[in-house]
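Written below as structure tokens is the structure these notes are about.
Protein chains in written order, with our numbering: chain B, 1 to 97; chain F, 98 to 300.
Right under this line is the structure:
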């Protein structure tokens, strides 16, 4: 019996966002955009979804005259990501059997 | 990886694994230390120590001594300015725990060296350079070893340990020999690992 995968993380862009944020303290929106090949609008939309779920925290500020959006993973998000990775590992273990 | 769809873009387990692996690889490559500050400070401090050893070993003209010591000051100032420029230029779009930890290690090292001088002044009422050099070397050994541990770079850890051993050895010797040992320590703990990190930066 496979563990159910978190539907919020089981999407390409959201999983990519979480995979990048899990290893860092915080990251700017532009850095995420550089590394995830998607559009600005989609990235913003998916970050919004993760924020709504409490998986990421978003800080909005200014650098000079430009708006600066910084994202970081929350404890809830880190736990959900760990559970997701564990479920994926379990899935592959069972497949191998 | 291309994902331009605003829909949830559901993936299967294999794709999940690919996304996770790809993103971890991206982080590893992009956040790798380039070793430039190790190289810059390694060569400058090597020059300062080695030129100190040379000027104490060979009889040079007053002018020559002055040029060598002034050059050390200029190189130190240039390295400090370069460090500020580099840190501003490199102000990454991402803050890592490694970066934060390294900042604490090297800031506390700088403050510790100031405190060592102040303590020496309070206890000895003067700066005893034969004591100061081994103490600085011990502090440096500590900072280098911790840095190696944070970066998980075995060669830097070994460099830190060698720095510590040379600090102890230096305490048995006079200032001239201490400077030579210090020059060797900069090569082992800074210059060599710095060049290795730099060579590996984009691999």
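The beta-carbon is built from N, C-alpha and C at its ideal position, and this holds for glycine as well.
DSSP on residue 180(F), reduced to helix/strand/coil? DSSP, read as helix, strand or coil, puts residue 180(F) in helix.
Any C-beta of chain F sitting closer than 8 Å to the C-beta of residue 23(B)? Residue contact check for residue 23(B) against chain F: a CB pair falls below 8 Å.
Anticipated Cβ contact below 8 Å, residue 17(B) with residue 50(B), distance rounded: With a Cβ gap of about 6 Å, residue 17(B) and residue 50(B) count as contacting.
Could you tell me whether the Cβ of residue 182(F) comes closer than 8 Å to any Cβ of chain B? At a cut-off of 8 Å between beta carbons, residue 182(F) makes no contact with chain B.
What does the alpha-carbon distance come out to for the pair residue 84(B) and residue 220(F)? The alpha-carbon separation between residue 84(B) and residue 220(F) amounts to approximately 59 Å.
Could one say the Cβ of residue 78(B) lies closer than 8 Å to chain F's Cβ atoms, at least one of them? Using beta-carbon distances, residue 78(B) does not count as an interface residue toward chain F, since no partner is under 8 Å.
Could you work out which residue in 296(F), 273(F), 202(F) is closest to residue 238(F) when comparing CA atoms only? Cα-wise, what sits closest to residue 238(F) is 202(F).
Label residue 63(F) either buried or exposed according to how many other C-beta atoms from any shown protein chain fall within 10 Å of its C-beta, with 16 as the threshold for buried. Only positions 98 to 300 of chain F appear in the structure, and residue 63(F) is not among them; the question remains open.
Nearest neighbour of residue 211(F), chosen from 230(F), 195(F), 199(F) [CA to CA]: When the alpha-carbon of residue 211(F) is set against those of 230(F), 195(F), 199(F), the nearest one is in 230(F).
Cβ pair residue 140(F), residue 285(F) closer than 8 Å: No.
From residue 199(F) to residue 244(F), what does the alpha carbon distance come to, in whole angstroms? Between residue 199(F) and residue 244(F), the C-alpha separation is close to 6 Å.
Applying the 10 Å Cβ sphere with the 16-neighbour rule, what's the burial state of residue 159(F)? Counting Cβ neighbours within 10 Å, residue 159(F) comes out exposed, since fewer than 16 surround it.
Kindly list, in the order they appear in chain F, the residues whose Cβ is closer than 7 Å to that of residue 91(B). Against residue 91(B), the close residues of chain F are 110, in the order they occur along the chain (beta-carbon pairs closer than 7 Å).
Any C-beta of chain B sitting closer than 8 Å to the C-beta of residue 120(F)? Yes, its Cβ sits closer than 8 Å to a Cβ of chain B.
Pick helix, strand or coil for residue 163(F), following the three-state DSSP scheme. Secondary structure at residue 163(F): helix, using DSSP grouped into helix, strand and coil.
Option nearest residue 265(F) by Cα separation, candidates 176(F), 236(F), 204(F): The candidate whose alpha carbon is nearest that of residue 265(F) is 236(F).
Span of the beta strand (DSSP E) holding residue 91(B)? Where residue 91(B) is concerned, there is no enclosing beta strand (DSSP E), although the alpha helix (DSSP H) it sits in stretches over 75 to 96.
Min CB distance residue 273(F) to chain B below 8 Å: Under the Cβ distance rule, residue 273(F) does not count among the residues neighbouring chain B, no pair being separated by less than 8 Å.
Along the segment 48 to 67 of chain B, what residues have a CB closer than 7 Å to any CB found in chain F? Per Cβ criterion, the list is empty.
For the alpha helix (DSSP H) containing residue 251(F), list its first residue and its last residue. For residue 251(F), the uninterrupted alpha helix (DSSP H) run begins and ends at 251 to 267, by DSSP.
Note down, in chain order, every chain B residue with its Cβ under 7 Å from the Cβ of residue 190(F). The contact set of residue 190(F) on chain B, defined by CB atoms closer than 7 Å, consists of 27, 28, 30, 31 in chain order.
Just curious, the alpha helix (DSSP H) that residue 16(B) is in, first and last residue? Residue 16(B) -> alpha helix (DSSP H) spans 12 to 21.
Quick check: what's the CA-CA separation for residue 123(F) versus residue 34(B)? Residue 123(F) and residue 34(B): Cα-Cα distance of roughly 10 Å.
Can you name, in chain order, every residue of its own chain whose Cβ lies under 7 Å from the Cβ of residue 58(B), other than the five neighbours on each side? Taken in chain order, the residues that qualify are 47, 51, 69, 71.
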